[in-house]
Amino acid sequence: MAKLYLHSLGCNKNLVDSEIMLGRLKDYELCDEPSEADVLIVNTCGFINSAKKESINTILELHSLRKKNSLLAVTGCLIQRYKDELMKELPEVDVFTGVADYDKIDEMILKKSSLFSSSTYLQNGDSDRIISGSNFHAFVKISEGCNQNCAFCAIPSFKGRLKSRSIKSVVDEVKKLVSKGFVDISFIAQDSSSYLYDKGFKDGLLKLIDEVEKIDDLICARILYLYPNSLSIKLVEKIINSKKFVNYFDMPLQHISDNMLKIMRRNTDKKQLKEILSLMREAKDSFLRTAFIVGHPGESDKDFDELCDFIKKFDFDRISIFSYSKEEDTAAFKMEQIPFKIINSRLKIIEKIVDESIEKSLKKELNKTVKAFVNGVSSEGNFFYGAKDMRWDRDIDGEILINESLCGKLKSGKLYECEIIDTFDKKLLARAIRKIC
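Anchor point for the sequence shown: position 346 equals 360 in my numbering, and the numbering is continuous, going up by one each time.
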């Protein structure tokens, strides 16, 4: 059996595409060593400069490790965005394809031919996927593309406008996953709260939630990448009142200053954001994740100070900070840029504030009893089981280290009631009290 090595870069939306390719190549034996593979695939990210560099470095590194007569294929956002340049500059690569043909990767490898179809790939319920990284959790992509016009973002230029899957397609996939034991689902898209807007529905997620609620064996679900401008109070209330969807609110704000929100073309303002954030925060057992950009063109010292003050005062659970990346095909590309020295200085200030905010969030979990899925051996080694709070998304929100069990040997993929007893290096320490299911 021929061996396959696949390296997926970037976001979890990319991971779903990689899993679709794995499904198309299920006759290959997966391997962990590039030097042993007959076929190597890099699914690239092209969102910001650091991701582009990582993608190119990964391609060149795998080429240096590959064995003679193996095939190297590159796919994804970076290739879609810069296909003409990269096909000339990367003779090391045998097969190129962008974001439209993940379901044809087996044909391309067989024929050793590149392919760039005209539209972004949108899976259907019949697509086979090989889920990676978990035996109980899966990501489900509900749409592709984006109708927003943020000044800093180039995604619409290579992903296109919003294209939503039908509710039936999404629900059929979830049912299939649940039948295989995947009982924890994260729904993802570039702009999840605009789901079905292209089909004429303003609040399509309301309809999706209603249908997902009917899937009996699904334990929990969450929605990632909510966009403030397309998010309604009605949707937040729907999530809060749901029996399946946890109160997990992932809404990248990018900034809080009205001046910056206008420059960034976010089509919202500070008052609206605070109103909806307060509703989320007041929900029982809610978990709030957001992201901010530092150093975007137009950000004054006053704007930055306002952002820092907001993070100190508002009770977020997790915050990601990104330095502004100057990207072609964006409105901000032609704006007057802030010097790197100033951006780096601001990053150091805000990262300290964010660390304090996350530490505060962890400490408020002390002595609480939470529901947590066991992942298996922890990142700290064999002395602990690793687990994730049922509310959390996979990987990004942290880890619970379980070093004591009152309910026997713990099993990966099972849900337990756990008591949080301490914090350690941005992780929670817990004892398992009882098995839930």
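A virtual CB, placed ideally from N, CA and C, is assigned to each residue, including glycine. All values reported here derive from a predicted model rather than from experimental measurement.
Quiz item: How many Å lie between glycine 218 and lysine 126 at the Cα?
Solution: Along the sequence shown, one-based indexing puts residue 218 at 204. Along the sequence shown, one-based indexing puts residue 126 at 112. C-alpha separation (whole angstroms): 41 Å.
Quiz item: What three-state label does DSSP hand aspartate 41 in the structure shown?
Solution: As a position in the sequence shown, residue 41 is number 27, starting the count at 1. Residue state, collapsed to three classes: coil.
Quiz item: Is the beta carbon of phenylalanine 398 less than 8 Å from the beta carbon of leucine 415?
Solution: In the sequence shown, the residue the question calls residue 398 occupies position 384. In the sequence shown, the residue the question calls residue 415 occupies position 401. Their beta carbons are under 8 Å apart, which means phenylalanine 398 touches leucine 415 by this criterion.
Quiz item: Under a three-way DSSP split, which group does alanine 16 fall into?
Solution: Counting from 1 along the sequence shown, the entry for residue 16 is found at position 2. Residue state, collapsed to three classes: coil.
Quiz item: Among Tyr116, Lys385, Asp46, which residue has its Cα nearest to the Cα of serine 132?
Solution: Along the sequence shown, one-based indexing puts residue 132 at 118. Closest by alpha carbon: Tyr116.
Exercise. List the endpoints of the continuous beta strand (DSSP E) containing valine 53.
Key: Reading the sequence shown from its first residue, position 39 is the one you call residue 53. Run containing valine 53: 53-58, per the beta strand (DSSP E) assignment.
Self-check item: Simplified DSSP assignment, three categories, for glutamine 286
Solution: In the sequence shown, counting from the first residue as 1, residue 286 sits at position 272. It is helical.
Self-check item: Residues bridged to aspartate 403 (per DSSP)
Solution: In the sequence shown, the residue the question calls residue 403 occupies position 389. Partner(s): Ala386.
Practice problem: Please determine if the region 272-279 and the region 217-234 are in contact, where contact requires at least 3 C-beta pairs separated by less than 8 Å. | Solution: no
Quiz item: Counting along the chain, where does the beta strand (DSSP E) carrying glutamate 431 start and finish?
Solution: Residue mapping note: residue 431 aligns to position 417 of the sequence shown, counting from 1. Unbroken beta strand (DSSP E) run through glutamate 431: 429-438.
Quiz item: Are isoleucine 199 and isoleucine 247 closer than 8 Å when you measure CB to CB?
Solution: Here the question's residue 199 lines up with position 185 in the sequence shown. Here the question's residue 247 lines up with position 233 in the sequence shown. No. Outside cutoff.
Quiz item: Does any C-beta atom of chain C lie closer than 8 Å to the C-beta of alanine 51?
Solution: This model lacks chain C altogether; it includes just one protein chain.
Quiz item: To the nearest angstrom, how far is it from the Cα of phenylalanine 328 to the Cα of isoleucine 202?
Solution: One-based indexing of the sequence shown puts residue 328 at position 314. One-based indexing of the sequence shown puts residue 202 at position 188. The straight-line gap from Cα to Cα measures roughly 25 Å.
Quiz item: So, is methionine 511 buried or exposed, given that buried needs 16 or more other C-beta atoms within 10 angstroms?
Solution: The structure shown has nothing for residue 511, since the chain only spans 15 to 451.
Quiz item: Are glycine 159 and lysine 173 close, meaning C-beta to C-beta below 8 Å?
Solution: Locating residue 159 in the sequence shown gives position 145, counting from the first residue. Locating residue 173 in the sequence shown gives position 159, counting from the first residue. Against a cut-off of 8 Å, the Cβ pair of lysine 173 and glycine 159 comes out as a contact.
Practice problem: Report yes or no: do three or more beta-carbon pairs, one from the region 141-155 and one from the region 24-34, lie closer than 8 Å? | Solution: yes
Quiz item: CA-CA distance, lysine 378 and alanine 297?
Solution: Counting from 1 along the sequence shown, the entry for residue 378 is found at position 364. Counting from 1 along the sequence shown, the entry for residue 297 is found at position 283. Those two C-alpha atoms are separated by around 16 Å.
Quiz item: Going by DSSP, which residues form a beta bridge with tyrosine 262?
Solution: For this step, residue 262 is matched to residue 248 along the sequence shown. Note: tyrosine 262 sits in a beta bridge opposite Phe301.
Self-check item: Stretch pair the region 101-109 + the region 135-148: three plus CB contacts closer than 8 Å
Solution: no
Practice problem: Could you check which residue in Asn396, Glu370, Ala345 has the C-alpha nearest to that of lysine 440? | Solution: The residue you call residue 440 lines up with position 426 of the sequence shown. Out of Asn396, Glu370, Ala345, Glu370 has the C-alpha closest to the C-alpha of lysine 440.
Quiz item: How about the region 259-271 and the region 317-337: do they share at least three Cβ pairs that are nearer than 8 Å?
Solution: yes
Quiz item: Can you tell which of Arg80, Ser314, Tyr239, Ile145 has its C-alpha closest to the C-alpha of isoleucine 352?
Solution: Looking up residue 352 in the sequence shown gives position 338. Nearest of Arg80, Ser314, Tyr239, Ile145 to isoleucine 352, Cα basis: Ser314.
Exercise. Would you mind giving the Cβ-Cβ distance between alanine 305 and phenylalanine 166, rounded to the nearest angstrom? I have them listed as a contact below 8 Å.
Key: As a first step, residue 305 is located in the sequence shown; it is residue number 291 there, counting from the start. As a first step, residue 166 is located in the sequence shown; it is residue number 152 there, counting from the start. Not really, about 12 Å apart at Cβ, beyond 8 Å.
Self-check item: Rounded Cβ spacing between asparagine 389 and serine 426 (contact assumed at less than 8 Å)
Solution: Locating residue 389 in the sequence shown gives position 375, counting from the first residue. Locating residue 426 in the sequence shown gives position 412, counting from the first residue. Yes, they are in contact, since the Cβ atoms of asparagine 389 and serine 426 sit about 6 Å apart, within 8 Å.
Quiz item: Looking at the unbroken alpha helix (DSSP H) that takes in valine 70, where does it start and where does it end?
Solution: Sequence index remark: in the sequence shown, residue 70 carries index 56 (1-based). The sequence given here places isoleucine at residue 70; valine does not occur at that position. That run of the alpha helix (DSSP H) goes 63-79.
Quiz item: Between the Cα of asparagine 243 and the Cα atoms of Ile223, Asn83, Lys258, Asn281, which residue gives the shortest distance?
Solution: Here the question's residue 243 lines up with position 229 in the sequence shown. Minimum Cα distance to asparagine 243 is reached at Asn281.
Quiz prompt | Residues near leucine 220 by beta carbon distance below 8 Å, same chain, minus five either side | solution = Here the question's residue 220 lines up with position 206 in the sequence shown. Counting only Cβ-Cβ distances below 8 Å, and skipping sequence neighbours, we find Lys248, Leu249, Lys252.
Practice problem: Kindly identify the DSSP beta-bridge partner or partners of alanine 152. | Solution: As a position in the sequence shown, residue 152 is number 138, starting the count at 1. The partner list for alanine 152 (beta bridge, DSSP) reads Ile199.
Practice problem: Can you tell me which of Gly395, Val384, Lys423, Gly24 puts its alpha carbon nearest to the alpha carbon of methionine 404? | Solution: What you label residue 404 is simply residue 390 of the sequence shown in a count that begins at 1. Methionine 404 has its Cα closest to that of Val384, out of Gly395, Val384, Lys423, Gly24.
Self-check item: Beta-carbon contacts of alanine 51 that lie in its chain and below 8 Å, excluding the five residues immediately before and after
Solution: Your numbering for residue 51 matches position 37 in the sequence shown. Around alanine 51: Lys17, Leu18, Tyr19, Cys45, Arg80, Lys81, Ser84.
Quiz item: My guess is that isoleucine 367 and valine 308 are in contact by the Cβ rule of under 8 Å, so how many angstroms apart are they, rounded?
Solution: The sequence position of residue 367 within the sequence shown is 353, counting from 1. The sequence position of residue 308 within the sequence shown is 294, counting from 1. With 8 Å as the limit, isoleucine 367 and valine 308 do not qualify as a contact, their Cβ atoms being about 11 Å apart.
Quiz item: Do you know how far the Cα of phenylalanine 354 is from the Cα of leucine 176?
Solution: Translated into the one-based positions of the sequence shown, residue 176 becomes position 162. Translated into the one-based positions of the sequence shown, residue 354 becomes position 340. Near 33 Å, if we compare the C-alpha coordinates of phenylalanine 354 and leucine 176.
Practice problem: Mark arginine 448 as exposed unless 16 or more other C-beta atoms lie within 10 angstroms of its C-beta, in which case mark it buried. | Solution: For the purposes of this step, residue 448 is taken as the residue at position 434 of the sequence shown. Result: exposed.
Exercise. Let me know the secondary structure DSSP gives lysine 441 once reduced to three states.
Key: Within the sequence shown, the letter at position 427 stands for residue 441. Note: lysine 441 maps to strand in three-state DSSP.
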